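Peer 1: For reference, the structure I am asking about is given below.
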Amino acid sequence: MTAAEMVRELPAGDSRNLPMLDAIADGLRARGEDVEVVYNARRDVFRIVPREQVA
Numbered sequence: 001m002t003a004a005e006m007v008r009e010l011p012a013g014d015s016r017n018l019p020m021l022d023a024i025a026d027g028l029r030a031r032g033e034d035v036e037v038v039y040n041a042r043r044d045v046f047r048i049v050p051r052e053q054v055a
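Letter by letter, the sequence shown follows residues 1 to 55 in this note's numbering.
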């Protein structure tokens, strides 16, 4: 696992962060993890979380 793949939360203010987290989440899904990228308004960040935490 590379350092980039371990990142699961990035600030929402940078427009490059969402596509980066989407790519990381795709890699995690390819390994069998059921994850989703979500926005946390309270902290103003995008996060990768297990899908069951999304609901």
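Note that the Cβ used here is the ideal one computed from N, Cα and C, for glycine as well.
The structure presented is a predicted model; accordingly, all values stated were derived computationally and were not measured.
Have a look at V37, D26, M6 and flag the residue whose alpha-carbon is nearest the alpha-carbon of A102.
Peer 2: Nothing can be reported for residue 102, as the shown portion of the chain is limited to 1 through 55.
Peer 1: Where D14 and M20 are concerned, what is the direct C-alpha to C-alpha distance, given to the nearest angstrom?
Peer 2: 11 Å
Peer 1: Which whole runs of the alpha helix (DSSP H) in the segment 9 to 55 are 4 residues long or more, in chain order?
Peer 2: 17 to 30
Peer 1: Return the chain-ordered list of same chain residues with a C-beta closer than 7 Å to the C-beta of V49, the five sequence neighbours on each side being excluded.
Peer 2: So the list reads V35, E36, V38, once near-sequence residues are dropped.
Peer 1: Skipping 5 residues on each side, what residues in its chain have a beta carbon closer than 7 Å to that of D22?
Peer 2: V37
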